[in-house]
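*Asks:* Protein chains in written order, with my numbering: chain A, 13 to 100; chain B, 13 to 100.
Pasting a structure below so you can have a look.
See below:
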């Protein structure tokens with residue numbers, strides 16, 4: 013049965029302060045890495061989906077991201093189909 | 013000056029147990045979401061890079077990911093250039 017990988021990326025909304033990202037950004041020059049104007053840190057979910065990733069499946073994943081994977085009060089999310097492959 | 017966004021995705025290596033991903037996966041059926049064979053959770057870093065993202069800049073970001081953003085003993089990472097835009 014084909015298994016497809018769908019990636020849900022969850023990032024803080026731009027207007028929300030990102031202390032983790034700022035901590036990383038402040039540390040970079042001390043480690044010798046210049047030229048990074050901003051750093052934002054978020055979560056990446058890789059979902060292995062059984063069966064075809066059709067409109068219905070994507071709709072379900074969208075709903076899953078909205079209700080469970082992201083806190084949509086402070087976070088935005090994107091849903092991307094990465095690839096479909098035969099499961100081993 | 014052009015600002016480009018480079019994304020560093022950090023995921024646990026496949027052979028490493030992912031308790032967070034498993035917790036999400038176990039919760040999904042209870043929330044009515046079927047058909048998700050596996051869930052892996054990782055980190056996504058969005059870096060705003062000053063100046064052109066040429067070979068040298070990508071090399072630096074690769075080194076930054078290897079030494080600072082990822083723990084390469086248990087994690088893999090990928091580096092992707094997302095887009096270049098005129099900074100506001």
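We put the beta carbon where it would ideally sit given N, CA and C, even for glycine.
On the DSSP bridge assignment, give the partners of residue 51 (chain A) in chain order.
*Replies:* Taking the first chain and counting its residues from 1, the one referred to as residue 51 (chain A) is at position 39. Its beta-bridge partners are B:59.
*Asks:* Would you report the Cα separation of residue 72 (chain A) and residue 44 (chain A), rounded to the nearest angstrom?
*Replies:* Along the first chain, read from residue 1 onward, the residue named residue 72 (chain A) stands at position 60. Along the first chain, read from residue 1 onward, the residue named residue 44 (chain A) stands at position 32. The alpha-carbon atoms of residue 72 (chain A) and residue 44 (chain A) are separated by roughly 44 angstroms.
*Asks:* In the DSSP assignment, what are the bridge partners of residue 23 (chain B)?
*Replies:* Here residue 23 (chain B) refers to the residue found at position 11 of the second chain. DSSP, once it has assigned bridges, lists B:88 as partnering residue 23 (chain B).
*Asks:* Any idea if residue 85 (chain A) is buried or exposed, counting beta-carbon neighbours within 10 angstroms, 16 or more meaning buried?
*Replies:* In the first chain, residue 85 (chain A) corresponds to position 73, counting from 1. Classification for residue 85 (chain A): exposed.
*Asks:* Once the 5 residues before and after residue 88 (chain B) are set aside, which same chain residues still bring their CB inside 7 angstroms of it?
*Replies:* Position 76 of the second chain, counted from the start, is the residue given in the question as residue 88 (chain B). These residues qualify, in order along the chain: 23 and 25.
*Asks:* Can you tell which of B:53, B:41, B:21 and B:40 has the C-alpha that lies nearest to the C-alpha of residue 31 (chain B)?
*Replies:* Against the second chain, residue 31 (chain B) aligns to sequence position 19. Checking every option, the nearest Cα to that of residue 31 (chain B) belongs to B:53.
*Asks:* Go to residue 44 (chain B), then tell me how far its alpha helix (DSSP H) extends in each direction, as first and last residue.
*Replies:* Taking the first residue of the second chain as position 1, residue 44 (chain B) is located at position 32. Unbroken run through residue 44 (chain B): none, as it is neither H nor E.
*Asks:* Mind checking the region 66-97 of chain A against chain B and listing, in chain order, the residues whose C-beta falls within less than 9 angstroms of any C-beta there?
*Replies:* Under the 9 angstroms Cβ criterion, the region 66-97 of chain A contributes 69, 72, 73, 75, 76, 79, 80 and 81.
*Asks:* Under 8 angstroms, Cβ to Cβ, is there at least one residue of chain B near residue 53 (chain A)?
*Replies:* Position 41 of the first chain, counted from the start, is the residue given in the question as residue 53 (chain A). Yes, because at least one Cβ of chain B sits closer than 8 angstroms to the Cβ of residue 53 (chain A).
*Asks:* Just the Cα atoms here: how many angstroms apart are residue 64 (chain A) and residue 40 (chain A)?
*Replies:* Against the first chain, residue 64 (chain A) aligns to sequence position 52. Against the first chain, residue 40 (chain A) aligns to sequence position 28. If you take the alpha carbons of residue 64 (chain A) and residue 40 (chain A), they lie about 42 angstroms apart.
*Asks:* Going by the beta-carbon positions, is the gap between residue 20 (chain A) and residue 57 (chain A) smaller than 8 angstroms?
*Replies:* Taking the first residue of the first chain as 1, we reach residue 20 (chain A) at position 8. Taking the first residue of the first chain as 1, we reach residue 57 (chain A) at position 45. In contact: residue 20 (chain A) and residue 57 (chain A) (Cβ atoms closer than 8 angstroms).
*Asks:* Between residue 80 (chain A) and residue 49 (chain B), what straight-line distance do the alpha-carbon atoms span, to the nearest angstrom?
*Replies:* Position 68 of the first chain holds residue 80 (chain A). Position 37 of the second chain holds residue 49 (chain B). Spanning the two alpha carbons is a distance of roughly 17 angstroms.
*Asks:* If you draw a straight line from the alpha carbon of residue 180 (chain A) to that of residue 59 (chain B), how long is it in whole angstroms?
*Replies:* The question about residue 180 (chain A) has no answer, for chain A in this structure spans 13 to 100.
*Asks:* Whose CA, out of B:66, B:76, B:82 and B:77, lies closest to the CA of residue 16 (chain B)?
*Replies:* Position 4 of the second chain, counting from 1, holds the residue named residue 16 (chain B). That would be B:66, whose Cα lies nearest to the Cα of residue 16 (chain B).
*Asks:* Could you tell me whether any Cβ in chain A is nearer than 8 angstroms to the Cβ of residue 38 (chain B)?
*Replies:* Mapped onto the second chain, residue 38 (chain B) falls at position 26. Judged by the 8 angstroms Cβ criterion, residue 38 (chain B) is not in contact with chain A.
*Asks:* On the premise that residue 51 (chain A) lies in contact with residue 36 (chain A), defined as a C-beta separation below 8 angstroms, what is that separation, rounded to the nearest angstrom?
*Replies:* Numbered from 1 along the first chain, position 24 holds the residue referred to as residue 36 (chain A). Numbered from 1 along the first chain, position 39 holds the residue referred to as residue 51 (chain A). That pair is a contact at about 5 angstroms.
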